[in-house]
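Undergrad:
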Amino acid sequence: MKCVSGFLSIVIALFISSTGAEDVVVYGQVGETVTLPRSKWGSERVLVQWFFGMDTQPLITRNSHGRETIVSVQPVSPLLAGKNLNLKCDIEEIFKGTQRRWLSPQKQDLNEDKRAQIRNDGSLTVMSVTGQDHGEWTCVVTYQGREAYANTPVTVIDLSPAHPQPIYTSVSSLSLLHLPCFFSIPPPLSWSDSQEKSIQGGRWTFTPSPVAGSLTGVFQTLANLSLGPPLAWVVNQKRGLDVSALQKTNLNLSLSKKGVTEGDRGEYTCAVEFQRGDTLKRSMRVEVLQVFSSPAPVAFVGQEVNLTCTLGHPLTSDLKVKWIPPRQSSLLALGSDPDSAHLTIPEARDINGGRWRCELWRNKTKLTSVEITLKIERVPMDVWLLVTICGAAVIFVLLLILTVILNRRHRQRVTMPRRGKRRICRCKDPQPKGFYRN
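Put into structure tokens, the structure is as follows:
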């Protein structure tokens, strides 16, 4: 990792009292204000001069008008998140018993930060800084019970916001999926300060959640960053993405999409590339809540109906669902667990029809919700009549066919000549064959 270094210079002032009192050592930061001890003179209408070492010219002069010199400190150059930060608390001459320690912008002692490495010479290295490391870092120098503070501002450019938890939404044509990503540039910096880091490009990528039976989704590039000018997103996928946020301000790289489906589940990554191979990234996982009924959203009275509320995978232990039935219906009458992802209506009735809402909760926070409209219909009388007539007609046709077949077989048996034994006629007066006249 590349490092950015900053140095804090500490000046030591050795003050010699003209009254013969004990010399006093005071530490102070170069360019900052230092308070010098002085006795009460009984009147402010005196001229007080401070001399450094053996110099003949006064270092500080305080007259009756109370004027003093102060010098400002210039801030260090901006630092990209992910880089290492090096700071050094430099003291030209250290007196025995002098101690040094570092404080973060949140005034936390760096001895308690696992990322920090503090050396004996007072130098500090902080590994992989983030946007939270932006602010004023302090070197505290302690000597003889007195403390001197040397401060230096550190500016960290990062992408925001961080998403330790998934973004939850639900399946609906009206749902809006917002994917936030923007440059976190603290004032008084501006977009030009980021441009000094030489942006080389950027992209939004998407890896869908694996569907049942597969191990991983297909990696997709949703949009590429065109450097222009002006900066603009070039959309690669026809997914109804709204990229207009970048047109309003160069700091906003967010995307949005109206109309959410279960196909939007997965991990989205916003990345910006700089020179020397530096890259800022922000990844976020999107979970889509879906509800469906089995066998269908339309059921008949007396039919069993199953409702399922799912994220496409089993819920983790910190998540639970709540079912909200239509006003006229009751969960108690169903005998099902209202906190289960699966709800069963054993015998559907008219009062079970209407909007069923499934809410996803983490502790006391509702994450999202989704609705389904269940229709319960009675089987019409004309339908039953039609079914009866059709059934009777089928039976009649079958009987008719059977009758015809049996009748045909019977007739064939009756009309068919029987083959018997050959009979020989015996006459009393047999005559030879031929023709005879009477």
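Letter by letter, the sequence shown follows residues -21 to -1, 1 to 417 of mature numbering (1 follows the signal peptide of the UniProt record, and there is no 0). Just so you know, even glycine gets a beta-carbon here, dropped at the ideal spot from N, CA and C.
What separation, rounded to the nearest whole angstrom, lies between the Cα atoms of S188 and E266?
TA: In the sequence shown, residue 188 corresponds to position 209, counting from 1. In the sequence shown, residue 266 corresponds to position 287, counting from 1. Going from the Cα of S188 to the Cα of E266 covers about 9 Å.
Undergrad: Rounded to whole angstroms, what's the CA-CA distance from N203 to K86? Just pull it up for me.
TA: For the purposes of this step, residue 203 is identified with residue 224 of the sequence shown, where counting begins at 1. For the purposes of this step, residue 86 is identified with residue 107 of the sequence shown, where counting begins at 1. Looking at the two C-alpha atoms, the distance is approximately 40 Å.
Undergrad: Out of P159, S56, G219, W302, state which residue places its alpha-carbon closest to the alpha-carbon of E338.
TA: As a position in the sequence shown, residue 338 is number 359, starting the count at 1. Nearest option by C-alpha distance: W302.
Undergrad: Would you mind working out which of A372, D297, S319 sits nearest N342, comparing C-alpha positions?
TA: Taking the first residue of the sequence shown as position 1, residue 342 is located at position 363. The residue with the shortest Cα to Cα distance from N342 is D297.
Undergrad: Please state the DSSP three-state secondary structure of E326.
TA: The count along the sequence shown starts at 1 and reaches residue 326 at position 347. In this structure, E326 counts as coil in the three-state DSSP scheme.
Undergrad: Assuming contact is defined by CB atoms lying nearer than 8 Å, are L58 and T134 in contact in what I supplied?
TA: Taking the sequence shown and counting its residues from 1, the one referred to as residue 58 is at position 79. Taking the sequence shown and counting its residues from 1, the one referred to as residue 134 is at position 155. Cβ atoms of L58 and T134: closer than 8 Å.
Undergrad: Thinking just about the alpha-carbon of each residue, which of L313, R94, D243 is nearest to the one in S83?
TA: Along the sequence shown, read from residue 1 onward, the residue named residue 83 stands at position 104. Considering only alpha carbons, the answer is R94.
Undergrad: Would you decide whether Q269 is buried or exposed? Buried here means 16 or more other CB atoms lie within 10 Å of its CB.
TA: Walking along the sequence shown from the start, residue 269 turns up at place 290. Q269 comes out buried.
Undergrad: What's the gap between the Cα of A103 and the Cα of A60?
TA: Locating residue 103 in the sequence shown gives position 124, where the first residue counts as 1. Locating residue 60 in the sequence shown gives position 81, where the first residue counts as 1. A small fix is needed here, since residue 103 is Leu in this sequence, not Ala. Whole-angstrom Cα-Cα distance: 17 Å.
Undergrad: Please report the residue range of the beta strand (DSSP E) in which L82 lies.
TA: Within the sequence shown, residue 82 is the residue found at index 103, counting from 1. Its beta strand (DSSP E) spans residues 78 to 82.
Undergrad: Look up E241 in the DSSP assignment and say whether it is helix, strand or coil.
TA: By one-based count along the sequence shown, residue 241 stands at place 262. Of the three classes helix, strand and coil, the one that applies to E241 here is helix, per DSSP.
Undergrad: Quick check: what's the CA-CA separation for P145 versus P293?
TA: For the purposes of this step, residue 145 is identified with residue 166 of the sequence shown, where counting begins at 1. For the purposes of this step, residue 293 is identified with residue 314 of the sequence shown, where counting begins at 1. One C-alpha to the other measures close to 15 Å.
Undergrad: Opposite I97 in the DSSP bridges: which residues?
TA: Numbered from 1 along the sequence shown, position 118 holds the residue referred to as residue 97. According to DSSP, I97 bridges with L103.
Undergrad: Going straight from the alpha carbon of residue 421 to that of E283, what length do you get?
TA: This structure does not reach residue 421, given that the chain is present from -21 up to 417, and the question cannot be answered.
Undergrad: With 16 as the cutoff for other CB atoms within 10 Å, does T344 come out buried or exposed?
TA: Stepping through the sequence shown from its first residue, residue 344 is reached at position 365. So T344 counts as exposed.
Undergrad: Within 10 angstroms of its Cβ, does T352 collect 16 or more other Cβ (buried), or is it exposed?
TA: Residue 352 sits at position 373 when you count from the first residue of the sequence shown. Exposed: under 16 other Cβ atoms inside 10 Å.
Undergrad: Below 8 Å CB to CB, which residues in the same chain sit around E241 once its five sequence neighbours on both sides are set aside?
TA: Locating residue 241 in the sequence shown gives position 262, where the first residue counts as 1. Closer than 8 Å at the Cβ level, and outside the excluded window around E241, lie V150, V267, Q269, G291.
Undergrad: With a threshold of 7 Å on Cβ separation, who are the neighbours of R182 within its own chain once the five nearest residues in sequence on each side are excluded?
TA: Sequence index remark: in the sequence shown, residue 182 carries index 203 (1-based). T200, A202, N203, L204, A250.
Undergrad: Leaving aside the five residues before and after Q96 along the sequence, list all residues of the same chain whose C-beta is less than 6 Å from its C-beta, in chain order.
TA: Taking the sequence shown and counting its residues from 1, the one referred to as residue 96 is at position 117. Correct list, in chain order: T104.
Undergrad: Which whole-angstrom value describes the C-beta separation of E246 and T186, a residue pair presumed to lie in contact below a C-beta threshold of 8 Å?
TA: Translated into the one-based positions of the sequence shown, residue 246 becomes position 267. Translated into the one-based positions of the sequence shown, residue 186 becomes position 207. Contact flag correct, Cβ pair sits at about 5 Å.
Undergrad: DSSP three-state label for I49, please.
TA: Against the sequence shown, residue 49 aligns to sequence position 70. The answer is coil: DSSP assigns I49 none of H, G, I, E or B.
Undergrad: Are F253 and S177 close, meaning C-beta to C-beta below 8 Å?
TA: Stepping through the sequence shown from its first residue, residue 253 is reached at position 274. Stepping through the sequence shown from its first residue, residue 177 is reached at position 198. Yes, they are a contact pair.
Undergrad: Say whether the region 106 to 115 touches the region 123 to 137, bearing in mind that this needs 3 or more beta-carbon pairs closer than 8 Å, one atom from each stretch.
TA: In short, these stretches touch, since the Cβ pair count reaches three.
Undergrad: Rounded to whole angstroms, how far is the Cβ of D329 from the Cβ of V280, which I believe are closer than 8 Å?
TA: Counting from 1 along the sequence shown, the entry for residue 329 is found at position 350. Counting from 1 along the sequence shown, the entry for residue 280 is found at position 301. Confirmed, about 7 Å.
Undergrad: Can you confirm whether L339, when its beta carbon is compared against all beta carbons of chain B, has any partner nearer than 8 Å?
TA: Going by chain labels, chain B is absent from the structure shown, which holds only one protein chain.
Undergrad: For R80, which residues in the same chain have their Cβ closer than 6 Å to its Cβ, ignoring the five residues on either side in sequence?
TA: By 1-based counting over the sequence shown, the position of residue 80 is 101. The answer, listed in chain order, is V119.
Undergrad: Got a sec, what are the start and stop residues for the beta strand (DSSP E) C118 sits in?
TA: Along the sequence shown, read from residue 1 onward, the residue named residue 118 stands at position 139. Note, C118: beta strand (DSSP E), 114 to 122.
Undergrad: Per DSSP, what are the beta-bridge partners of D221 in this structure?
TA: Reading the sequence shown from its first residue, position 242 is the one you call residue 221. Paired residues: S235.
Undergrad: If we require 4 or more residues per run, which alpha helix (DSSP H) segments fall completely within the region 276 to 349?
TA: Runs found: none.
Undergrad: The beta strand (DSSP E) spanning I146 covers which residue range?
TA: Against the sequence shown, residue 146 aligns to sequence position 167. 146 to 149 is the span of the beta strand (DSSP E), which, as asked, contains I146.
Undergrad: With a CB to CB cut of under 6 Å and the five nearest residues on each side skipped, what residues in its chain are close to Q53?
TA: Counting from 1 along the sequence shown, the entry for residue 53 is found at position 74. Its pLDDT being 41, under 50, Q53 is placed unreliably by the model, and nothing is read from it.
Undergrad: Could you check the C-alpha separation between L206 and T109 for me, to the nearest Å?
TA: Within the sequence shown, residue 206 is the residue found at index 227, counting from 1. Within the sequence shown, residue 109 is the residue found at index 130, counting from 1. Approximately 25 Å between the Cα atoms of the pair.
Undergrad: Among V349, I380, K260, A312, which one has its Cα closest to the Cα of C288?
TA: Start at 1 with the first residue of the sequence shown, and residue 288 comes out as number 309. Looking at the Cα atoms, V349 is the closest of the given residues.
Undergrad: Pull up the distance between the alpha-carbon of L322 and that of S308, whole angstroms please.
TA: Reading the sequence shown from its first residue, position 343 is the one you call residue 322. Reading the sequence shown from its first residue, position 329 is the one you call residue 308. Those two C-alpha atoms are separated by around 13 Å.
Undergrad: Please name the residue, chosen from R98, A224, L346, L259, that lies closest to S139 on a Cα-to-Cα basis.
TA: Within the sequence shown, residue 139 is the residue found at index 160, counting from 1. Nearest of R98, A224, L346, L259 to S139, Cα basis: L259.
Undergrad: If you draw a straight line from the alpha carbon of V376 to that of C369, how long is it in whole angstroms?
TA: To locate residue 376, count along the sequence shown from 1; it is residue 397. To locate residue 369, count along the sequence shown from 1; it is residue 390. If I take the Cα positions, the gap works out to 10 Å.
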